[in-house]
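Residue numbers (this note's numbering), protein chains in the order written: chain A, 807 to 1173; chain B, 807 to 1173; chain C, 807 to 1173; chain D, 807 to 1173.
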């Protein structure tokens, strides 16, 4: 089940860089939802490379086609399959790189696991794999927005050592995020972030970063203790994104230095009369279940492994070599990771929604 | 499936504090493994409260009974059920607390989710739920140790603002960890950590902390891209432990500030002739798959929500109240969390092992 | 996952005949349901051996204990664990039988699969394994009855060559079924069935039979195409019961001889104004989804493998032997299978109910 | 998960008749397997309509494309996606049929379940859905054949009231089966079967039938008690095929009339020295686990619901109408069902194989 994610709202993805294309089947789609390619394409377009000289310059249109599950622009409740063709499938001469496992890339581990690997090295570990996630997530997001008014917004909160000033999670929008190419809604940080990426690129090097995300409008009661607590599902989803090394929710690691009396979120009455919390160190979750406050989390991305700089390493046979990756590569993945993070959040939320709806219905008085 | 975890090696847990007891079914147990209660009890004993005045003083023996799945001290390959009785099931008078959702506890969210909650408040969100995990993990660990020579060691690396000096992940042992009650193997930090916990306790307050864990001896090839990458499964497992707020693997959040040329782990030849990496920022995983180096990660625990100090909050009806939790409570959970973290790591590894063994066998030449 | 069944309403069972006991965890239990042991015991009592000299005379009380998941007689939505102790766990001297795989029993295949088997031979393949199913099914059934008015009734429709006259599936009750020990509601057949069983017993032999079952009150829309069509889930559930060899729904094998014009169930208006079908060759399911008509099916049970008569066979080493099983054994399992069949039907229906409730809610207009 | 099947070897299918096409993702594919479209196409070609005037005359080439998961004709261990385009997606005028639920078809139940249905009526319940199964099954079968020497052969054993003479399950081949269009390897029955189908067709009616299947070469030990016994998985798989109404394994319903002394399969030594059974009433399975003998089963197909003959029924509003389905339809599905049955058998076996390989490896002495 390694290429499927979710229980009731479930995606199964396929595809790698050298094949005919990449795609996804979304199972458990709510029936009667308006859906065309125009609902999916925008997030794919935000994800695709070549949007600026900050990212890898390969131009791929990444136009999505819905293969099944809809008629007359409405979902039927049956599986929605979506496909994005690969533009260029010509076999590439990877030359000596075929014999050298790139440091911190998946070449060595894929070969260890499967006994075979794609000649391109990347295969299923390449960023292209995330297209199916983004397409599935866009579908999930549309349903969450229309049914519950839920919205999720991710942004770049750090590039290398450059950290954004605090962002107001109750108001930040995707428009704010997309106001600049580096996708940080803090205007005071964007130039320094851009410079940090450019400097890494100019050094034929790469740089890491942090993505933050907030999900607003989630009703209380979502998340499934004890093993499918929502933070556990979010952690699973986020840490399955390539190049991630850490996840924290609410107060995160910083919260460990606090006393309970500081960290606890006291209850108060919201203007609408419902019970909320005055602070939100919990990140919208208590006991693994949503409490109605915004859910927010941060995700660490390491610097991309493929760099042009010379690296001293060994080939598969163990002989010392110096590797200089050819071509041009993303010096920093976080700007393009934004729609991927939003997609994975949407997938977790849609699944939690359906699981809780089943429970809610199970309690309701008999028909 | 919220109380089950794993695909081939799978636990299902049950029980809460006010019921007859807590326990676990372990399915997918390798047959022919030597197994008696004596293999399980030590980790449960490390987990139980009352080990020192640092922890909650309730004394619970937590003696485990194997109900099924073995005969003559050997596993049969059938489900191993294990049970730990609750000592005291007398209904407790929670008085006014029944009307007040404890801040940052799961009272409010459990009621929101289920429309009912255990009168004790804790129910399935109490730490007692983790007994089933520890029992199941002890079984997994025994098999991993005997079959692959795998060992996993967790320790306290921070209490509040007190951080341990760096620990050598290649050599640290459980004996080192258990050398002091706070379970930090850095002797220079233990007194300050102990003092920090004592200070919180004396203030009728609580304090957070960080647990680190290393898993050694994992062969290359474990972990299931793309959604069940090992870091995703570990993140899922760890963030399902009560009170956790963050997870990072390898270089984690600190790695985001690095350049690729610093962060990449070059390959080298190990003394035994196999291919390893000279550094280990990857934390033993590349592309979600183990590379043969130690897997290590850190886990953030918030300060416990239940504190004796007065807190201004509201009751369920929204009226302002001042809450002072009665009784004595753990001022800091990290020392007792050690065997829980080890258990969840063992469960992830055992499942990944079986999944990869199936694949390895699928490649092998026909019999 | 071999000892778990279901997606949202899910049981995990454990236990075999020589261990401490047998039991079940039920996950996904609707919260707020009234539940005590008194709701579970009756079906266990119907299942237990020793009810008559038609069945195996071992007397086992099989009293169930609820270990978790309830408080004050109400379910909490958390896992309900239930346990039935084994009365006699003294090791038994199986003597030469330990060296002889009983023909058509699971001795040989368990050893082939696990490399080890319970000394008693039966282990997890013994009828005692079904106790967890019956306990879980009784819980499912209670919820289905209270929430939807659903009822399920199974009965013996054949013993050996003795077939019952047709039974009216729209009216048959458990009282009708339990009116005689053989559990056939056709009074004209019971004596001949009883005699057939007695004759087999007197010959130290065994005899097969057929169980029929009807489920009434299921709303239209349950069942999950394409792989979890309700007949597929029912077939899975029923054929997992020990000793079953066939399953047919609606017209079954007899329907294959019909023309479409005979077999099709035309629609008509029911007295209450809803759309029903005038006939029910479909067995209440079309395209794998319930249509509101009664769901009915038949299940074939082979004659029990353990018989006292001498059998020429071989031991594990392949040497010819003559085997005469000691002790007394059920000459016919179908009377005791009734509550097991009802339990598995209830488990399938409860799971389908929750899955469809999630879908129904997903369509509903936004809150 | 309704469109996914399997645990380790897992297919997820998509597509319906009016959309762009149909297909499948196969996850858990053994790496290093030689695989091109030429390995998949033959079974799809056996499945497609228009092979004779016995079947629906629509000509569809059903050419399959592998979208992912292979390189240079070898599987990579990553998901293999396969696609078959629909030739004609023009919207069809279903006229009055749109208002009338076809008797015993899924029109009414799909609308009840999803609140919406494909205008064509068939949607996901049409036979076209089975293409993904056949493609996935062909892949599974290739691996089973190459790794274990397993072969599976299905044939038509009854059409309406015409039953085949007994077929030797130890020798029957696909060549025998395909020797005639009706796909019955008993030459004495084929003419009468052909005539029965032709007679139904000439009456604008339809007719049911029975498919038998044998799987040879399965090693002892496959199948996962207690809920995933192999007969339970086979029953699940087979009863998920459209139009099926019954499944029986080994002696099946006929075995219920037997005494244990007749039905039991005594052990004997095979020529190769291994332990086998002298008879095979068990159908190759004991306790849900393969015993090394051929696994064989029978599957009942009802007469197709869509017929040209006038049927008195009602429309959705409940008003009486007479329905005469336009166009030409399969009068009997069993000849085309052969590769579908073989595919589902292969999928069950491949999954059981991987699950048992994981267990076998778990027992093996430590590396």
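Here a beta-carbon is modelled for each residue, glycine too, at the ideal position from N, C-alpha and C.
Per DSSP, reduced to three states, the secondary structure at residue 919 of chain C is helical. For a Cβ distance threshold of 7 Å, nothing in chain D lies close to residue 1149 of chain B: the least Cβ distance comes to about 19 Å. Exclusion of the five residues before and after residue 867 of chain A leaves no residue of its chain whose Cβ lies closer than 7 Å to its Cβ. Contact annotation: residue 966 of chain B and residue 1025 of chain B have beta-carbon atoms that are not nearer than 8 Å. Distance from residue 1029 of chain B to residue 1011 of chain A at the Cβ level is roughly 27 Å; contact not present, criterion being Cβ atoms closer than 8 Å. Looking at D/832, D/1006, D/1001, D/821, the one whose alpha-carbon comes closest to that of residue 813 of chain D is D/832. Distances from the CA of residue 1114 of chain C to each of C/1103, C/1136, C/1020 were compared; the closest alpha carbon is that of C/1136. Residue-level contact check: residue 916 of chain A touches chain B, since one or more beta carbons of chain B fall below 8 Å from its beta carbon. For residue 883 of chain D, the closest Cβ of chain B is nearer than 8 Å. Per DSSP, residue 1140 of chain D is one residue of the alpha helix (DSSP H) stretching across 1140–1169.
Secondary structure at residue 848 of chain A: helix, using DSSP grouped into helix, strand and coil.
In terms of CA proximity to residue 847 of chain D, D/938 leads the group D/938, D/1130, D/1006, D/1086.
Leaving aside the five residues that flank residue 892 of chain B on each side, the residues in its chain whose CB is nearer than 6 Å to its CB run, in chain order, 827.
Collapsing the DSSP output to three states places residue 1034 of chain D in a strand. DSSP lists C/1075 as the bridge partner or partners of residue 1081 of chain C. Among the residues facing chain C, residue 887 of chain A is not included, as its CB has no counterpart in that chain under 8 Å away. Of the residues B/852, B/1070, B/1124, B/1133, the one whose Cα lies closest to the Cα of residue 912 of chain A is B/1070.
Three or more Cβ pairs closer than 8 Å define a contact, and the stretch 836–855 of chain A meets that threshold against the stretch 930–950 of chain A.
Counting along the chain, the unbroken alpha helix (DSSP H) around residue 937 of chain D starts and ends at 936–954. Residue 958 of chain B is bridged by DSSP to B/1021. For residue 975 of chain C, the CB contacts under 6 Å within the same chain, skipping 5 residues up- and downstream, are 1020, 1100, 1102 in chain order.
A residue is called buried when at least 16 other Cβ atoms come within 10 angstroms of its Cβ; residue 1054 of chain A meets this threshold and is buried. Sequence-ordered contacts of the stretch 818–844 of chain A with chain D read 818, 819, 820, 821, 822, 824, 825, 826, 827, 828, 829, 831, 833, 834, 837, 838 [C-beta pairs closer than 8 Å]. For the stretch 977–1010 of chain D, the set of positions with a beta-carbon nearer than 8 Å to some beta-carbon of chain C reads 1006, 1009 in chain order. When Cβ-Cβ separations below 8 Å define contact, residue 1160 of chain B makes contact with chain D. Taken atom to atom, the span from the alpha-carbon of residue 923 of chain B to that of residue 931 of chain B is near 11 Å. Not one beta carbon of chain A lies nearer than 8 Å to the beta carbon of residue 849 of chain B. Sequence-distant partners of residue 1013 of chain C (beyond 5 residues in either direction) whose C-beta falls short of 7 Å from its own C-beta, in its chain, are 965, 966, 1002, 1003, 1006, 1109, 1137, 1138. In this structure, residue 1017 of chain B and residue 978 of chain B do not form a Cβ contact; the two beta carbons are roughly 13 Å apart against a cut-off of 8 Å. Taking 8 Å as the upper bound for CB-CB distance, residue 1169 of chain C and residue 1093 of chain A are not in contact here, some 30 Å apart. The residue from B/969, B/819, B/910, B/849 with its alpha-carbon nearest to that of residue 999 of chain B is B/969. DSSP places residue 819 of chain B in the strand class (E or B) of the three-state scheme.
Within 9 Å of the CB of residue 930 of chain B, the CB atoms of chain C belong to 874, 875, 882, 883, 884, 885, in sequence order along the chain.
One Cα belongs to residue 886 of chain D, the other to residue 879 of chain D, and the distance between them is close to 12 Å. Just so you know, the alpha carbons of residue 1155 of chain B and residue 950 of chain B end up roughly 8 Å apart.
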